[in-house]
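Participant: Structure provided below as structure tokens; questions to follow.
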Amino acid sequence: MKRIGVFVLVGLLLCTGLFAQGTREDSVAADGKTSLKWAVWDVAATTYYQPLIDAYEAKNPNVKIEMLDLGSADFMTMLQTQLSGGDSTIDVVAIKDIPGYNNLVKRNLLMNLNDKVRSEGIDLSLYGGVPEALTVNGNLYGVPFRNDFWVVFYNKDLFDRAGVPYPSNDMTFAEFDALARRMTSGVGANKVYGAHYHIWRSAVQLFGILDGKNTIVDGEYGFLKPYYEMVLAQQRDGIVQDYATLKTSSTHYSGVFYNNSIAMMNMGSWFIPTLIKEIADGKTEVKNWGIVKYPHAPGVAPGTTLGTITSLGVSNASKKKDAAFDFVKFVCGSEGAQIVAATGTSPAMVNDQVAAVIASLPGFPSDAGSKEALHTA
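So for the sequence shown, this note's numbering puts the first residue at 196; every next one is plus one.
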């Protein structure tokens with residue numbers, strides 16, 4: 196399995212993992228079990244939380260994991276408020292974004308992982324460079340848990356109907372643009388757009404950082420010009436829907452893909468399990484689909500893409516740090532990765548075995564190209 200290379204950016208999903216320093220812990224309840232509280236968001240909509248807990252508790256019958264759902268919209272505010280107030284009942288935490296991650300680190304609400312990673316023999320190389328991106332002043336404050344990376348989803352039936360070969364796992368942006376133009380057809384209700392860009396800035400702006408030479412945080416944005424020119428030309432020529440219409444109508448990217456109105460769409464791998472489920476439930480018009488690797492600039496390796504990283508952590512105020520660390524190690528390790536993959540979600544620790552689990556899911560495309568797209572550069 197090649198080393199997974201992703202770009203971890205401001206605004207990406209992150210959660211910090213913090214390890215205990217071997218202190219004596221006040222962790223045993225009246226029934227003799229250690230009870231750990233895991234701060235998360237969107238329990239009802241997330242398919243992997245409970246399977247992870249069930250698997251861990253089966254191996255550790257003396258431990259009970261309780262989820263604390265702080266909601267999605269205000270998760271970081273709620274979490275920081277509770278931890279800043281000295282809440283020692285929260286043991287394992289998730290952190291949703293870079294600003295929130297930095298705020299918690301600055302307030303000493305998270306624990307330095309360096310010593311524990313060394314003593315436990317955690318192999319950080321299995322996370323494809325992500326731990327380096329989470330390192331602050333030489334200290335690691337996060338263990339990667341999930342890795343959602345961007346791919347191109349495409350509608351096989353629309354390509355078949357047009358008699359156009361499917362997109363490949365090695366497309367430059369120029370080739371992607373040409374293919375989108377070739378796949379555009381019809382008018383009105385019968386219009387098929389060759390591509391689709393959701394209203395997030397990441398769907399367009401972050402094309403420019405895939406060469407590894409540029410950043411969006413230094414105030415210099417000239418490198419974005421060719422990508423904006425490409426997308427604006429597509430918008431002008433009716434190859435994609437215009438941003439203003441999508442924004443004012445609050446159009447969700449899933450809807451336009453579901454109803455067979457777009458041939459290709461760049462989107463995160465988190466859409467895979469959702470799409471599989473909606474098709475299985477008969478809620479979509481699209482039936483046959485595939486994925487390919489993200490487009491790339493000339494000279495950039497195929498499979499170079501954007502990553503959205505989620506990590507797990509332990510609160511500095513927890514009185515059960517050793518037990519919390521053991522749970523984090525399990526969830527972020529190989530066993531946890533396979534459980535996450537079995538739900539169609541991409542874990543941070545991706546290897547050939549994990550990729551095979553995702554590719555073997557009922558409803559995942561059977562073509563070799565889609566399976567290969569699960570492997571990044």
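C-beta: ideal position from N, C-alpha, C; glycine also.
What residue ranges within the region 252-302 form continuous beta strand (DSSP E) runs of no fewer than 3 residues, ordered along the chain?
Facilitator: Correct list: 258-264, 287-289.
Participant: Can you list, in chain order, the residues of its chain whose CB lies under 6 Å from that of Ile-457, leaving out five sequence neighbours each side?
Facilitator: Counting only Cβ-Cβ distances below 6 Å, and skipping sequence neighbours, we find Tyr-388, His-391, Val-451.
Participant: By how many angstroms is the C-alpha of Pro-468 removed from the C-alpha of Pro-557?
Facilitator: When rounded, the distance between both Cα atoms is 10 Å.
Participant: Would Val-288 and Ser-510 qualify as a contact pair, given that the criterion is a beta-carbon distance under 7 Å?
Facilitator: Contact: yes.
Participant: Under DSSP, the alpha helix (DSSP H) around Asp-355 begins and ends at which residues?
Facilitator: Unbroken alpha helix (DSSP H) run through Asp-355: 351-357.
Participant: Suppose the cutoff is 6 Å on Cβ atoms and the five residues either side in sequence are ignored; what does the same chain contact list for Leu-401 look like?
Facilitator: Excluding sequence neighbours, Leu-401 sits near Leu-501.
Participant: Restricting to Cα atoms, I'd like to know which of Ser-363, Ala-519, Lys-514 is closest to Gly-508.
Facilitator: Of the listed residues, the one whose Cα sits closest to Gly-508 is Ala-519.
Participant: With DSSP run on the structure shown, which of helix, strand or coil describes Asn-507?
Facilitator: Reading off the sequence, residue 507 comes out as Leu, not Asn. Strand at Leu-507.
Participant: How long is the line joining the alpha carbons of Val-347 and Gly-477, rounded to whole angstroms?
Facilitator: Straight-line Cα distance between these residues: approximately 23 Å.
Participant: To the nearest angstrom, report how far apart Val-312 and Tyr-251 are at their CA atoms.
Facilitator: Cα to Cα, the separation comes out at about 20 Å.
Participant: Find out if the Cβ-Cβ distance for the pair Gly-281, Ala-512 is shorter than 7 Å.
Facilitator: The answer is yes: Cβ separation under 7 Å.
Participant: Measuring alpha carbon to alpha carbon, tell me which of Met-425, Asp-249, Glu-261, Tyr-243 ends up nearest Ser-230.
Facilitator: The shortest Cα separation from Ser-230 among Met-425, Asp-249, Glu-261, Tyr-243 belongs to Glu-261.
Participant: Hey, out of Val-552, Asp-352, Thr-446, whose CA is closest to Ile-534's CA?
Facilitator: When each option's Cα is compared against that of Ile-534, the closest is Val-552.
Participant: Three-state secondary structure (DSSP) at Thr-500?
Facilitator: DSSP places Thr-500 in strand when its eight states are reduced to three.
Participant: Given a cut-off of 7 Å, decide if Arg-341 and Ala-550 are closer than it, judged by their beta-carbon atoms.
Facilitator: In this structure, Arg-341 does not lie closer than 7 Å to Ala-550 by Cβ.
Participant: Determine the DSSP secondary structure at Met-462, reduced to helix, strand or coil.
Facilitator: In the structure shown, Met-462 sits in a strand (DSSP, three-state: E or B).
Participant: Taking the alpha carbon of Arg-377 as the reference point, which residue from Gln-436, Gly-227, Ala-357 has its own alpha carbon closest?
Facilitator: Minimum Cα distance to Arg-377 is reached at Ala-357.
Participant: So which of Thr-479, Ser-565, Met-460, His-570 has the shortest CA-CA distance to Asp-372?
Facilitator: Looking at the Cα atoms, Met-460 is the closest of the given residues.
Participant: Between which two residues does the beta strand (DSSP E) carrying Gly-485 extend?
Facilitator: Here the beta strand (DSSP E) through Gly-485 covers 484-488.
Participant: Restricting to Cα atoms, I'd like to know which of Tyr-453, Phe-418, Thr-499 is closest to Leu-353.
Facilitator: Here the closest residue by C-alpha is Tyr-453.
Participant: Beta-carbon within less than 7 Å of Ala-537's beta-carbon, same chain only, minus the 5 sequence neighbours each way: which residues are those?
Facilitator: Only Val-552 meet the Cβ criterion.
Participant: If contacts are defined as beta-carbon pairs under 8 Å, then Leu-263 and Leu-304 qualify, I think. What distance do you get, rounded to the angstrom?
Facilitator: Leu-263 to Leu-304, Cβ: 15 Å. No contact.
Participant: Once DSSP output is grouped into helix, strand and coil, what is the label at Tyr-453?
Facilitator: Looking at Tyr-453 - three-state DSSP - the assignment turns out to be helix.
Participant: Determine the direct distance from the alpha carbon of Trp-395 to that of Thr-443, and round the result to whole angstroms.
Facilitator: The alpha-carbon atoms of Thr-443 and Trp-395 are separated by roughly 13 Å.
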